[in-house]
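Undergrad: So the protein sequences, as listed, match chains A and B. Under the working numbering, think of the first position of the first sequence as 165, with each following residue one higher. Under the working numbering, think of the first position of the second sequence as 51, with each following residue one higher. Glycine is no exception: its CB is placed at the ideal position from the N, C-alpha and C atoms.
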Amino acid sequence: MSNDSKNELPLYEVFIRSKNGLDHKHVGSLHAADAEMALTNARDVYTRRSEGVSIWVVKTTDITASSPDDKGSFYEPNDDKMYRHPTFYEIPEEVGHM
Amino acid sequence: MDAINTDAPRDDDALEKAFQTKVDAETRIEPKDWMPEKYRHTLIRQMSQHAHSEVVGMLPEGNWLTRAPSLKRKAVLMAKIQDEGGHGLYLYSATETLGISRDEMFDQLHTGKAKYSSIFNYPTLSWADIGAIGWLVDGAAITNQIALCRCSYGPYARAMIKICKEESFHQRQGYEIMLTMAQGTPEQKAMAQDALDRWWWPSLMMFGPNDSNSPQSAQSMKWKIKRQSNDELRQKFVDATVPQAEYLGLRIPDDNLKWNEERGHYDFGEIDWVEFKNVVSGNGLCNRERLKDRVDAHEGGKWVRDAALAYAEKQKQRSAAAAA
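(1) Which value, in whole angstroms, describes the spacing of the CA atoms of valine 288 (chain B) and alanine 101 (chain B)?
(2) Against chain A, does glutamate 66 (chain B) count as a neighbour if the rule is that its beta carbon must be under 9 Å from one of theirs?
(3) Can you tell me whether isoleucine 213 (chain B) is buried or exposed, with buried defined as 16 or more other CB within 10 angstroms of its CB?
(4) Between the region 245-262 of chain B and chain A, which residues of the former have CB atoms less than 8 Å from a CB of the latter, in chain order?
(5) State the DSSP-derived secondary structure class of arginine 181 (chain A), mapped to helix, strand or coil.
(6) I want to verify the contact list: residues of chain B whose CB lies under 7 Å from the CB of valine 209 (chain A), in sequence order.
(7) Would valine 191 (chain A) pass as an interface residue toward chain B - the criterion being a Cβ-Cβ separation below 9 Å?
(8) For alanine 207 (chain B), go through chain A and note every residue whose CB falls closer than 7 Å to its CB, in chain order.
(9) By the criterion of Cβ-Cβ separation under 8 Å, what are the contact partners of alanine 202 (chain A) in chain B?
(10) Between leucine 173 (chain A) and chain B, is any beta-carbon pair separated by less than 9 Å?
(11) Apply the 10 Å Cβ neighbour rule to phenylalanine 318 (chain B) and answer buried if 16 or more other Cβ atoms are within range, or exposed otherwise.
(12) Per DSSP, serine 268 (chain A) is paired with what?
(13) So which residues on chain A does tryptophan 370 (chain B) lean against when the C-beta distance must stay under 7 Å?
(14) Can we say the region 216-223 of chain B touches the region 295-306 of chain B, given the rule of at least three CB pairs closer than 8 Å?
(15) Tell me whether glutamine 233 (chain B) is buried or exposed, calling it buried when 16 or more other Cβ atoms sit within 10 Å of its Cβ.
(16) How would you label leucine 175 (chain B), buried or exposed, when you count the other beta carbons within 10 angstroms and need 16 or more for buried?
(17) Examine the Cβ distances between the region 171-185 of chain A and the region 214-222 of chain A and report whether three or more of them are shorter than 8 Å.
(18) Helix, strand or coil for tryptophan 177 (chain B) per DSSP?
(19) From the beta carbon of leucine 359 (chain B), is the nearest beta carbon of chain A less than 9 Å away?
(20) Using beta-carbon positions only, say whether aspartate 208 (chain A) and glycine 138 (chain B) come within less than 9 Å of one another.
(21) Bridge partners for tryptophan 309 (chain B) per DSSP, in chain order?
(22) Pair every Cβ in the region 100-117 of chain B with every Cβ in the region 157-175 of chain B, then say whether three or more of these pairs are closer than 8 Å.
(23) Below 8 Å, can you find three or more Cβ-Cβ pairs linking the region 198-212 of chain A to the region 241-261 of chain A?
(24) For leucine 194 (chain A), would you say it is in contact with chain B, using Cβ-to-Cβ distances shorter than 9 Å as the test?
(25) Would you list the residues sitting across from isoleucine 220 (chain A) in a DSSP beta bridge?
(26) Distance cutoff 9 Å, beta carbons only. Does arginine 181 (chain A) sit that close to anything in chain B?
(27) Do you know whose CA, among B:Lys215, B:His315, B:Leu159 and B:Gln365, lies nearest glutamate 133 (chain B)'s CA?
(28) For tyrosine 203 (chain B), which of helix, strand or coil comes out of DSSP?
(29) Pick helix, strand or coil for serine 169 (chain A), following the three-state DSSP scheme.
(30) For glutamine 285 (chain B), is the classification buried or exposed, using 16 other Cβ atoms within 10 angstroms of its Cβ as the cut-off for buried?
(31) Provide the residue(s) that pair with histidine 188 (chain A) in DSSP beta bridges, ordered along the chain.
(32) Between which two residues does the alpha helix (DSSP H) carrying lysine 364 (chain B) extend?
(33) Can you give me the C-alpha to C-alpha distance between isoleucine 227 (chain B) and alanine 245 (chain B), rounded to a whole angstrom?
(34) For threonine 92 (chain B) versus glutamine 269 (chain B), is the C-beta spacing smaller than 9 Å?
(35) What residue does the alpha helix (DSSP H) around isoleucine 196 (chain B) start on, and which one ends it?
(36) List, in chain order, every chain B residue whose beta-carbon is nearer than 7 Å to that of aspartate 198 (chain A).
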């Protein structure tokens, strides 16, 4: 499987905020010559039914991603710190909801 | 996005076992996760052919765009065709996460190496065909795609969810066209019946070969790429569609079609598998025309892509010069 894409328009990842108050969420990707074209393409491809009030596009090659292979070691420093969770602490029932 | 490529020696058996455990537990597989090569290839084949089908599916409907009977129908048909284009793009983008480029997929389509759904190799002879396509072809596609919303590969499942949400309008507008024609003049009703006669069997073929004749199915089911068998989905479609045809007052062209009280399903006749094989292998009525239209559209758009890239490059250089 070749990854020869030198004639292709670059790939952009698309993130959409569906309404104010919510985060932008990844919805997919598309090809475009530049960021401006990526935005208008994203509007046409991903928001044909008013699915968004704000769009971000990011060149796919500009994204640095963690590797699923690191799963264990990468997240381990946080996995053993149960004292970061509220349930770690015992509060007498008489105190009520806290 | 790159496939994982580490040089460390790995125990493929153990990896595959862990992979299957994940799949069995309904944990979705994501692009950078380890996956068996055959899983990757099966998905690339299935997803790219699904994408091609969406894109080629625009062609038979485009045939009626300029001749739609009213402005409303024209606007609706245009919106539906745009959706099909959009669905193709969702699927291409999801397939690219498996490590194949868009150009390579286009190349496979244009050289005939990759298939698309055979249904689109049938001609659209009358306006009623647009109704029949929405009702039957999109109806069959939805039946398939609802099952795929639970596919083990995350990007494919997510694309399917989005597509299913949009497809419902396609089927409803098609049924509405059929309803209007079935309640129209005798000539219009005859056109609706003729469209049903021609599209019924090809729609049933969309679900693929019988289970007993579909050797790859078992592996795909095990990997949860496929969630229901061809025959199960076909039965589901028939059961849902027969009452809809009755309401239209149209006759489904199958003498063996009848309700089976015991099974709780409709029995139906055997598909003409010779015709199916013929169309799949390129001898349908419109295979050559469809492919030629696709290639022409792609090549005809080349100057636009080149100009857009040249413009982007010029803008980049200008802003670099301005910054210097």
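TA: To lay it out plainly:
(1) Approximately 25 Å between the Cα atoms of the pair.
(2) No, no contact with chain A.
(3) It counts as buried.
(4) Those would be none; no residue qualifies.
(5) It is a strand residue.
(6) Going along chain B in sequence order, the residues near valine 209 (chain A) (Cβ under 7 Å) are Gly136 and Leu139.
(7) So yes, valine 191 (chain A) belongs to the interface.
(8) Neighbours of alanine 207 (chain B) in chain A, taken as residues at a C-beta separation under 7 Å, are lacking, since the least C-beta distance is about 13 Å.
(9) Contacts between alanine 202 (chain A) and chain B, judged by CB atoms closer than 8 Å, are missing: the closest CB pair is about 10 Å apart.
(10) Interface residue, yes.
(11) By the beta-carbon neighbour count (other beta carbons within 10 angstroms, threshold 16), phenylalanine 318 (chain B) is buried.
(12) Residue coverage of chain A in this structure runs from 165 to 262, which leaves residue 268 (chain A) outside it and unanswerable.
(13) For the record, residue 370 (chain B) in the displayed sequence is alanine; it is not tryptophan. The premise fails here: alanine 370 (chain B) is roughly 14 Å from chain A at the closest Cβ pair, so nothing lies under 7 Å.
(14) Counting Cβ pairs under 8 Å, fewer than three are found: no touch.
(15) Looking at its Cβ environment, which holds fewer than 16 other Cβ atoms inside 10 Å, glutamine 233 (chain B) is exposed.
(16) Around the CB of leucine 175 (chain B), fewer than 16 other CB atoms lie within 10 Å, so the residue is classed as exposed.
(17) The region 171-185 of chain A makes contact with the region 214-222 of chain A, as at least three CB pairs between them are under 8 Å.
(18) Of the three classes helix, strand and coil, the one that applies to tryptophan 177 (chain B) here is helix, per DSSP.
(19) Interface annotation, leucine 359 (chain B): in contact with chain A, CB-CB separation under 9 Å.
(20) No, these two residues do not count as a Cβ contact at 9 Å.
(21) B:Tyr316, per the DSSP bridge assignment.
(22) Counting C-beta pairs with one atom in each stretch, the region 100-117 of chain B and the region 157-175 of chain B have three or more that are closer than 8 Å, which means they touch.
(23) No, the region 198-212 of chain A does not touch the region 241-261 of chain A.
(24) Under the Cβ criterion of 9 Å, leucine 194 (chain A) is counted among the residues facing chain B.
(25) The amino acid at residue 220 (chain A) is misidentified as isoleucine; the sequence shows tryptophan. For tryptophan 220 (chain A), the pairing in a beta bridge is given by DSSP as A:Phe179.
(26) Chain B contact via Cβ: absent.
(27) Going by the sequence as given, residue 133 (chain B) is aspartate instead of glutamate. Comparing Cα positions, the closest option is B:Lys215.
(28) Residue state, collapsed to three classes: strand.
(29) Unreliable placement is indicated for serine 169 (chain A), whose pLDDT of 47 sits below 50; no coordinate value is reported for it.
(30) Sixteen is the threshold: when 16 or more other Cβ atoms of the shown chains lie within 10 Å of the Cβ of glutamine 285 (chain B), as they do, the residue is buried.
(31) Within the DSSP secondary-structure output, histidine 188 (chain A) pairs in a beta bridge with A:Arg181.
(32) 352-373 is the extent of the alpha helix (DSSP H) around lysine 364 (chain B).
(33) About 12 Å.
(34) Cβ distance < 9 Å, so threonine 92 (chain B) and glutamine 269 (chain B) count as in contact.
(35) 188-198 is the extent of the alpha helix (DSSP H) around isoleucine 196 (chain B).
(36) By Cβ distance, chain B contributes Ala362 and Gln365.
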